[in-house]
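Chains A and B are the protein sequences, given in the same order.
Note that the numbering used here gives residue 2 to position 2 of the first sequence, counting from 1, and the numbers run on in steps of one.
The number in the numbering used here is simply the position in the second sequence, starting from 1, with 1000 added.
For every residue, glycine included, the Cβ atom is placed at its ideal position computed from N, Cα and C.
Structure first, commentary second.
There are 2 protein chains.
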Amino acid sequence: MTSRPRGPRPGGPDTRTAILAASREEFATRGYDGATIRGIAVAAGVDPALVHHYFGTKEKLFAAALELPFNPGDIFARVLVGGIDGVGERLLRAVFAAWQDGGARAPVMAVIRTATSSDKGAEMLREFLDRNVLQRIAAELAPDRAKLRAGLVASQMAGLLMARYVISLPALAMASDEDIIAAVAPNLQHYLSGDLGRPVGSGDRRATL
Amino acid sequence: MTSRPRGPRPGGPDTRTAILAASREEFATRGYDGATIRGIAVAAGVDPALVHHYFGTKEKLFAAALELPFNPGDIFARVLVGGIDGVGERLLRAVFAAWQDGGARAPVMAVIRTATSSDKGAEMLREFLDRNVLQRIAAELAPDRAKLRAGLVASQMAGLLMARYVISLPALAMASDEDIIAAVAPNLQHYLSGDLGRPVGSGDRRATL
DNA sequence: ATTAGAATTCAACGATAGATGAAATACCAG
DNA sequence: CTGGTATTTCATCTATCGTTGAATTCTAAT
């Protein structure tokens, strides 16, 4: 109703940044398709055309919103310098820390939402994960089925983030970080350095290599 | 181009069923928002208005498409009658079997896609899971942190289905069922009947109760 | 003061979506 | 043969979306 006058906002805060912040929030809660330029503009207190003025297309805005303040592959690399022992626990702590510091939350939720919302989104994430994370993790591991190990770790981490933060499953959302670390870390460790158990042949289960 | 004549299809197959099948496929690959009535109609070889004629609104069609040929809670109950021992492996086998027989694939993928595509979808799945699955699983377990255990199992299963089937992560998509069962079953078993490890206090890790 | 340019809004276009009501066709009971 | 009814398509309405180009206002340099 009360239409703002045109022209620059005098002494206002950085509008471009406001748009970016609003888009992060919208993409995170609604996914790529669900978020609208108009909705982002309203959330930023701005005209929709201004969004295009700064970012061109919706896709470019999405790419800008996904700029992570860190590289997922790096996290694992840093976590691994302490040795393979206890890496499961350190990985969980690093991820929880990154989540709580706030920088990771919106982009990661946006990626999850978008990746699972269509075949196209899935393809994008598959390539990103495979190139920037899995191969990276696999490279740091002992060559014994390294890619399978990395994939299993990714599946558990993705499921945990999804259940705890995206779906907000009460049992996991209400549990403390420490409870979850205590329960999940040994399983991650099993994927990373345990005996995966040949399907036909044997080998004793669960001995740490 | 070649517009079909109006009126009933002579001797044709059940059109209603064809629409339902097409909608399952579309919802599964594109999610609730991504799937369009028009697209479903084309896939079913039918006019869009016919979809409304049979199912009313898009939401009702979605509900009809999600009718599972089984109850997820029942699967776990059946799997558990063999005793707590080896329940992780039997659970994985049951899920893989249900997946390959085809009845579960489309609905489950549609649910995953929709649940992760927006806050509203997440809410729907949270309530469904909590009421129809988690509480059910928790009821069958020893009372020691049963809900946390159920949530952890759900997180691993969801992550596995997502990574292997929705994202099609190569490392997991290419691995055999047996490989995955051998690797994952012990972890599920740990969540279900293992020592979750008090965060502060100790208790030796990984002893099966 | 004047002017150049950046910031912002306005108004509208074209595409696509879900939905609706009426018209046309085929089948079946009498 | 006649009439009713279920099945199917057609044409259209309304809403919303991404996008664009012009108009307006502010700031800063000349």
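Checklist entry - If you count every other CB in all the chains shown that lies within 10 Å of the CB of A/Leu68, and 16 or more means buried, which is it? => result Exposed is the call here.
Item to check | Rounded distance between the beta-carbons of B/Val1184 and B/Ala1154, thought under 8 angstroms | outcome: With a Cβ gap of about 14 angstroms, B/Ala1154 and B/Val1184 do not count as contacting.
Checklist entry - From the beta carbon of B/Gly1108, is the nearest beta carbon of chain A less than 9 angstroms away? => result A quick correction: the sequence has Val, not Gly, at residue 1108 of chain B. With 9 angstroms as the cut-off, B/Val1108 does not count as an interface residue toward chain A.
Next on the checklist: Would you call the region 1154-1174 of chain B in contact with the region 158-169 of chain A, where contact means no fewer than 3 C-beta pairs closer than 8 angstroms?
Outcome noted: Yes, they touch.
Item to check | Neighbour list for B/Asp1119 in chain A, Cβ cutoff strictly below 8 angstroms | outcome: Neighbours of B/Asp1119 across chain A, judged by C-beta separation under 8 angstroms: Thr29, Arg30.
Item to check | Neighbourhood of B/Ala1077 by C-beta, 8 angstroms cutoff - its chain only, sequence neighbours within 5 removed | outcome: Excluding positions up to five away in sequence, the list reads Arg1136, Glu1140.
Item to check | alpha helix (DSSP H) segment containing A/Ile84, residue limits | outcome: Judged by DSSP secondary structure, A/Ile84 falls outside any alpha helix (DSSP H); it is assigned neither H nor E.
Checklist entry - By DSSP, does B/Gly1011 sit in helix, in strand, or in coil? => result Because the pLDDT at B/Gly1011 is just 49, under 50, the model does not fix this residue reliably, and the value given afterwards should be weighed accordingly. In this structure, DSSP gives B/Gly1011 a state outside helix and strand, which the three-state scheme calls coil.
Next on the checklist: Counting C-beta neighbours from all protein chains within 10 Å, is the total for A/Arg131 16 or more, i.e. buried, or is it exposed?
Outcome noted: It counts as exposed.
Checklist entry - Near B/Glu1210, what residues of its chain come up, given a Cβ to Cβ distance below 7 angstroms and the 5 sequence neighbours on each side ignored? => result In the structure as shown, chain B starts at 1001 and stops at 1209, and residue 1210 of chain B therefore has no counterpart that could be examined.
Item to check | Below-9 angstroms beta-carbon distance, A/His190 vs any chain B residue | outcome: Interface residue, yes.
Checklist entry - If you measure from the beta carbon of A/Asn187 to each beta carbon in chain B, is any gap under 9 angstroms? => result Chain B places a beta carbon closer than 9 angstroms to that of A/Asn187, counting this residue as a contact.
Next on the checklist: With a threshold of 8 angstroms on Cβ separation, who are the neighbours of A/Ala21 within its own chain once the five nearest residues in sequence on each side are excluded?
Outcome noted: Cβ neighbours of A/Ala21 beyond the five flanking positions: Ala44.
Item to check | Pair within 9 angstroms by beta-carbon distance, B/Thr1062 and B/Ala1110 | outcome: For the record, residue 1062 of chain B in the displayed sequence is Phe; it is not Thr. Contact: yes.
Checklist entry - By the criterion of Cβ-Cβ separation under 9 angstroms, what are the contact partners of A/Asp130 in chain B? => result Within 9 angstroms Cβ-Cβ: Leu1169, Pro1170, Ala1171.
Checklist entry - Are there three or more Cβ pairs, one per stretch, closer than 8 angstroms when the region 1021-1030 of chain B is compared with the region 1038-1055 of chain B? => result Enough Cβ pairs lie closer than 8 angstroms, so yes.
Next on the checklist: Do A/Thr114 and A/Gly56 count as a contact pair if the criterion is CB distance below 9 angstroms?
Outcome noted: If you check the CB distance, A/Gly56 and A/Thr114 do not come in under 9 angstroms.
Checklist entry - What is the C-beta distance between A/Thr29 and B/Asp1119, in whole angstroms, given that I count them as a contact (C-beta under 8 angstroms)? => result The distance from the Cβ of A/Thr29 to that of B/Asp1119 is about 5 angstroms, consistent with a contact at the 8 angstroms cut-off.
Checklist entry - Which value, in whole angstroms, describes the spacing of the CA atoms of B/Val1087 and B/Ala1146? => result Roughly 15 angstroms between the two C-alpha positions.
Checklist entry - Going straight from the alpha carbon of A/Ile167 to that of B/Leu1148, what length do you get? => result Cα to Cα, A/Ile167 sits roughly 15 angstroms from B/Leu1148.
Checklist entry - Is the Cβ-Cβ distance between A/Ala138 and A/Ala150 less than 9 angstroms? => result Closer than 9 angstroms, so yes.
Checklist entry - How is B/Gly1194 classed by DSSP in three states: helix, strand or coil? => result DSSP, reduced to helix, strand and coil, places B/Gly1194 within a strand of the structure shown.
Item to check | Per-residue DSSP class, three states only, for B/Asp1179 | outcome: DSSP places B/Asp1179 in helix when its eight states are reduced to three.
Next on the checklist: What would DSSP say about A/Thr57, mapped onto helix, strand or coil?
Outcome noted: When secondary structure is reduced to three states using DSSP, A/Thr57 falls in the coil class, being assigned neither helix nor strand.
Checklist entry - Terminal residues of the continuous alpha helix (DSSP H) containing B/Glu1123? => result Residues 1119-1128.
Next on the checklist: I'd like to know whether the C-beta of B/Gly1083 is nearer than 9 angstroms to at least one C-beta of chain A.
Outcome noted: So no, B/Gly1083 is outside the interface.
Checklist entry - Got a sec? Which residues, its chain only, sit under 8 angstroms from B/Leu1129 by beta carbon, not counting five neighbours each side? => result Ala1154, listed in sequence order.
Item to check | Sequence ranges, alpha helix (DSSP H) only - wholly within the region 125-177 of chain A, length at least 4 | outcome: Counting only runs of 4 or more residues that sit fully inside the region 125-177 of chain A, the alpha helix (DSSP H) segments are 135-140, 146-161, 170-173, in chain order.
Item to check | Residues, ordered as in the chain, of the region 1063-1090 of chain B that lie near chain A by beta-carbon distance below 7 angstroms | outcome: Residues of the region 1063-1090 of chain B with a C-beta less than 7 angstroms from any C-beta of chain A: none at all.
Checklist entry - Going along chain B, which residues have a C-beta under 9 angstroms from A/Leu20? => result Contacts between A/Leu20 and chain B, judged by CB atoms closer than 9 angstroms, are missing: the closest CB pair is about 21 angstroms apart.
Item to check | Contacts that A/Val166 makes with chain B (C-beta to C-beta distance below 7 angstroms) | outcome: Near A/Val166 (Cβ distances below 7 angstroms), the residues of chain B are Thr1116, Ala1122.
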